[in-house]
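Undergrad:
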Amino acid sequence: MHVIIRFHTTSFLTYFKSVIMAKVHYRCSDLGYQCSFEYDGPKPEDILPRIKMHMKYAHQIQELSPEEIEKVKSKFRTVE
Ligand SMILES: [Zn+2]
Numbered sequence: 002m003h004v005i006i007r008f009h010t011t012s013f014l015t016y017f018k019s020v021i022m023a024k025v026h027y028r029c030s031d032l033g034y035q036c037s038f039e040y041d042g043p044k045p046e047d048i049l050p051r052i053k054m055h056m057k058y059a060h061q062i063q064e065l066s067p068e069e070i071e072k073v074k075s076k077f078r079t080v081e
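Using this note's numbering, you'd call the opening residue of the sequence shown number 2 and step up by one each time.
#1: Mark Y16 as exposed unless 16 or more other C-beta atoms lie within 10 angstroms of its C-beta, in which case mark it buried.
#2: Are three or more beta carbon pairs between the stretch 35 to 43 and the stretch 62 to 70 nearer than 8 Å?
#3: Flag M56 as yes when its Cβ comes closer than 8 Å to any non-hydrogen atom of ligand 1, and as no otherwise.
#4: May I ask you to check if the CB of F38 is nearer than 8 Å to at least one heavy atom of ligand 1?
#5: Thinking C-beta only, is R51 closer than 9 Å to G42?
As structure tokens, then:
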């Protein structure tokens with residue numbers, strides 16, 4: 002019984018934290034680049050402009066195509 006009560010408390014806290022503190026994390030190496038660039042932010046739309054800029058200066062990709070943007074987004078992971 003004690004374990005069950007603790008479990009509920011923990012999952013509530015985890016849920017609460019994930020709502021207020023969740024971040025989207027991106028790593029260039031996940032896309033196959035030999036690159037240590039990482040970036041995170043509260044939402045995908047918050048980090049995309051920074052990633053686009055990185056792509057431009059570090060990988061000489063002037064403009065990401067919609068397909069490439071989808072590829073980048075598919076590598077986003079939510080962290081707490
Ligand atoms: Zn990179």
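For each residue, glycine too, the CB sits at the ideal point set by N, CA and C.
TA: Considering the structure as presented:
#1: Counting Cβ neighbours within 10 Å, Y16 comes out exposed, since fewer than 16 surround it.
#2: Under the three-pair Cβ rule at 8 Å, the stretch 35 to 43 does not count as touching the stretch 62 to 70.
#3: Indeed, a heavy atom of ligand 1 lies less than 8 Å from the Cβ.
#4: Taken from the Cβ of F38, at least one heavy atom of ligand 1 lies inside 8 Å.
#5: In this structure, G42 lies near R51, with their beta-carbon atoms less than 9 Å apart.
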